[in-house]
Structures are given as structure tokens and as C-alpha cells.
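**Student:** Residues 98 to 419 in this note's numbering are what the sequence shown lists, from first letter to last.
Where is the CB? At the ideal position from N, CA and C, for every residue including glycine.
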Amino acid sequence: MKILVTGGAGFIGTALVKRLLKDGHHVRVLDDYSRGVPERLKSIAKEIETIQGDVRDFAQVDAATKGIELVYHLAAVNGTENFYKQPDRVLEVAVKGTMHTMDAALKHGCRRYILASSSEVYQEPTHVPTKEDERIIVPDVKNPRFSYSGGKIIGELLALHYLAKRGVEAVVFRPHNIYGPDMGHEHVVPQFFERLAPLRAQKKTGVLPFEIQGDGTETRSFCFIDDAVTGIVLVAEKGKSGELYHIGTEEEVSIRDVALLMAKIMGLSIAIVPGKRVEGSTPRRCPDIGKMRALGYNPSVDLKEGIKRTCEEEWKKFQKAS
Ligand SMILES: NC(=O)c1ccc[n+]([C@@H]2O[C@H](COP(=O)([O-])OP(=O)(O)OC[C@H]3O[C@@H](n4cnc5c(N)ncnc54)[C@H](O)[C@@H]3O)[C@@H](O)[C@H]2O)c1
Numbered sequence: 098m099k100i101l102v103t104g105g106a107g108f109i110g111t112a113l114v115k116r117l118l119k120d121g122h123h124v125r126v127l128d129d130y131s132r133g134v135p136e137r138l139k140s141i142a143k144e145i146e147t148i149q150g151d152v153r154d155f156a157q158v159d160a161a162t163k164g165i166e167l168v169y170h171l172a173a174v175n176g177t178e179n180f181y182k183q184p185d186r187v188l189e190v191a192v193k194g195t196m197h198t199m200d201a202a203l204k205h206g207c208r209r210y211i212l213a214s215s216s217e218v219y220q221e222p223t224h225v226p227t228k229e230d231e232r233i234i235v236p237d238v239k240n241p242r243f244s245y246s247g248g249k250i251i252g253e254l255l256a257l258h259y260l261a262k263r264g265v266e267a268v269v270f271r272p273h274n275i276y277g278p279d280m281g282h283e284h285v286v287p288q289f290f291e292r293l294a295p296l297r298a299q300k301k302t303g304v305l306p307f308e309i310q311g312d313g314t315e316t317r318s319f320c321f322i323d324d325a326v327t328g329i330v331l332v333a334e335k336g337k338s339g340e341l342y343h344i345g346t347e348e349e350v351s352i353r354d355v356a357l358l359m360a361k362i363m364g365l366s367i368a369i370v371p372g373k374r375v376e377g378s379t380p381r382r383c384p385d386i387g388k389m390r391a392l393g394y395n396p397s398v399d400l401k402e403g404i405k406r407t408c409e410e411e412w413k414k415f416q417k418a419s
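#1: Does the beta-carbon of residue 101, which I'm using as the reference point, lie nearer than 8 Å to any heavy atom of ligand 1?
#2: Could you name the residues of the same chain whose beta carbon sits closer than 6 Å to that of residue 310, not counting the 5 residues immediately before and after it, in chain order?
#3: Could you have a look at residue 108 and say whether DSSP puts it in helix, strand or coil?
#4: Helix, strand or coil: how does DSSP classify residue 383 here?
#5: What does the Cβ neighbour count give for residue 384, buried or exposed, with the cut at 16 atoms within 10 Å?
#6: Rounded to whole angstroms, what's the CA-CA distance from residue 280 to residue 287? Just pull it up for me.
#7: Starting from the N-terminal side, write out each stretch of the beta strand (DSSP E) that is 3 residues or longer and does not extend beyond the region 315–391.
#8: So, using beta-carbon positions, are residue 213 and residue 207 closer together than 9 Å?
#9: Look at residue 152 and residue 210 and say whether their C-beta atoms are less than 9 Å apart.
#10: Is DSSP giving residue 251 helix, strand or coil here?
#11: Check each candidate in 255, 132, 155, 138 and name the one with the smallest Cα separation from residue 179.
#12: I want to check one thing, is the minimum distance from the CB of residue 200 to the heavy atoms of ligand 1 below 8 Å?
#13: Can you list, in chain order, the residues of its chain whose CB lies under 7 Å from that of residue 420, leaving out five sequence neighbours each side?
#14: Give the C-beta separation of residue 99 and residue 165 to the nearest angstrom, bearing in mind that I take them to be a contact with Cβ-Cβ under 8 Å.
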């Protein structure tokens, strides 16, 4: 099948592109490399088509969608700092970019369109574990933080009531904290790693103080990249048009325990020091993945194993760089 992956040079995009290629598809990537890097696709560069372009530019999206049957729309401006500093860009990419990819899918008669949304659409869910029919919300329109989740909510509405209504099958997936090697910097796992790695390199002993945001009792569930990609492909193959699906695991863990686990895996002993809680952050989030299980989804990498694999890969890179 001829497939377009926008944001294909990003963390999830790269893993998805590699998987699609392995499954025998013809893959085209559209990415402006604002966050993703072409080096990530180096090992498969000859086997895929890559277009450096911006989803905010319709002519570029139009050209990239020619001959395409299935679109995975992953391009988005991620990173909490960007939500505060560039809410205009976050929204423009989310709204204009999503609209452009949908209009191009309509123009070129694509069969299916898969949209990457986010667990952020729930902000503070009323039920945990959270089902896909939980209400979604922008709690404060004046707070730029919600430019990201607001953009995702608009994308979901467009997928279900604009695109699917006009005849292109549209399915939405909501990832919950995907992690793994080479995931960039703006996430809790790499941020902890970047602080722990120098301590390991300096062979620090004893109990080391380790400050975290808040008191660390906030919970999340983390999903290893390989499981996430398996889920995303399953959504594209078996998901029902007009439906939303979680990508994640039901292993709810506190941020404090993630830090302790990472330190242990890296041979360090730490004592958590509570820090300032980030405004707008959510105390508890964990998806119910029953709807995905019904499609045959069964995540197989638990947090301990996934963190171990991630730390090992990142440690090799850290040693090479230092
Ligand atoms: N990683 C997670 O845990 C997570 C959680 C929830 C939702 N998501 C969503 O999943 C998708 C993939 O996430 P990721 O972690 O791989 O993020 P990422 O930042 O690594 O990838 C996004 C890609 O989009 C590209 N991009 C940004 N603006 C663009 C533009 N204007 N035109 C073309 N390309 C542009 C970036 O260069 C990057 O390669 C995103 O839509 C993200 O919002 C991810």
C-alpha cells in the first residue's frame, strides 16, 4: 500500500515508518525537520521517499499526498515549553496542518486517514483508568499550555465530522506517554536519564539527592515504542472509521517510582527531593485499553524491561558523545 506519514522523522514516526516498510508498504515521509531529524531515517533512506515540507503549506501537502492510499498524520509541535512560548505555532500546525492533510486526502481520494491525538485532551480525567468516551476539555482558554490539547481536540472533531463525513475513513488514536530510545528531550524519561547519566559516569556512590517536579506522587502509564507502533498499525488496519482508540498500557506508576527505577537500573541510589509542581499538570492519568484489546492489542514490554532497554541504548550514546 502507498502510505504517507507526516512527522515521519519524529520519535514515533520513525519507528512507524520502519515497521510499515518491514510490512512491505511503500512509504513517503513529510516532515519539516523542526524537531525530527533526517539522520533517524538514514538506515532506510534509500527505501523510502522523503519530502522536507511544512504541513502549513497546502501545496507541499498536496504534492506529498499524490497517489497515497493511507495517511498517518503525526506532524505536530510537541514539548511543553513550546506550548507556552509558541502557542500560535502549536495551533497553526495543529489546525491548519491537519486541515491541509485532510483536504489533500479528500482531493486525492485516499481510503483512510489516521490521526495522532493525545492523552492531553482529557487534562484531568474524571475516571481512571480512563475510557475513550471520557469527556475532553480545555479548562482555561487563556492558558497557552492548552494550545496543544486544544489543537488536538479540533483535529479529532475535524477527523470525525469533516473528513469521515466526506467519505474518507478516519480513525483517531490517543497515545499515552510513549517512550523508548532516541525519543528526544521533552519527556520525563529522557529528562531523568540526562540527569542520571553524568552521576553514573562520575561513579557517584551513596544516596544522591534527586529533585523532581511536585512530590512525585503524580501517576502516568508509559508505553514502550514497539508496543505503541504495534497498536497504531492495528488501529489503522482494524480500527473503525469514526472511532477513537487509546495507545498505552494499564501499568499506572508514580513519577517518583519511575525515577527510582531508572536510578536502580543505572546502578545509582537516589533520594527523591520534592520540587515545585508545574501549573496545569495532572495528578493521575492511565488509560483503559479494553477497546484496543478487543482489536487484539496486547502490549508486551513492561516498564522495567522498557526502561532497561531505553537506558542501555541511551547510555551507549552518552558514552560515545563524552
Ligand atoms: N510521544 C508521546 O508520548 C506522544 C503522546 C501523545 C501524543 N503524541 C502525538 O504523536 C505524534 C508523534 O509524536 P512524537 O513523540 O513522535 O513527536 P515528535 O516531535 O518526535 O514528532 C513530530 C514530528 O513532526 C514534525 N513537524 C512539526 N511541525 C511540522 C510541520 N509544520 N510540518 C511538518 N512536520 C512537522 C517534527 O519535525 C517531528 O519530526 C504527535 O502528533 C504527538 O502530538 C505523542
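**Tutor:** Taking the definition as stated:
#1: For residue 101, the Cβ stays outside the 8 Å cut-off from all heavy atoms of ligand 1.
#2: Short of 6 Å from the beta carbon of residue 310, and not among the five residues preceding or following it, lie these beta carbons of its own chain, in chain order: 372, 375.
#3: Residue 108 falls in the helix class under three-state DSSP.
#4: Under the three-state reduction of DSSP output, residue 383 falls in the coil class, being neither helix nor strand.
#5: Burial call: buried.
#6: Taking the Cα positions, residue 280 is about 7 Å away from residue 287.
#7: Runs of the beta strand (DSSP E) spanning 3 or more residues and lying entirely within the region 315–391 occur at 316–318, 341–344, 349–351, 366–371, in chain order.
#8: No, the Cβ-Cβ distance between residue 213 and residue 207 is not below 9 Å.
#9: With respect to the 9 Å criterion, residue 152 and residue 210 are not classified as neighbours on the basis of their beta carbons.
#10: Of the three classes helix, strand and coil, the one that applies to residue 251 here is helix, per DSSP.
#11: Ranking the options by Cα distance to residue 179, first place goes to 132.
#12: No, Cβ of residue 200 sits at least 8 Å from all heavy atoms of ligand 1.
#13: Because the chain in this structure spans residues 98 to 419, residue 420 falls outside the shown range and cannot be described.
#14: A Cβ-Cβ distance of about 5 Å is found for the pair residue 99 and residue 165, placing them in contact under the 8 Å criterion.
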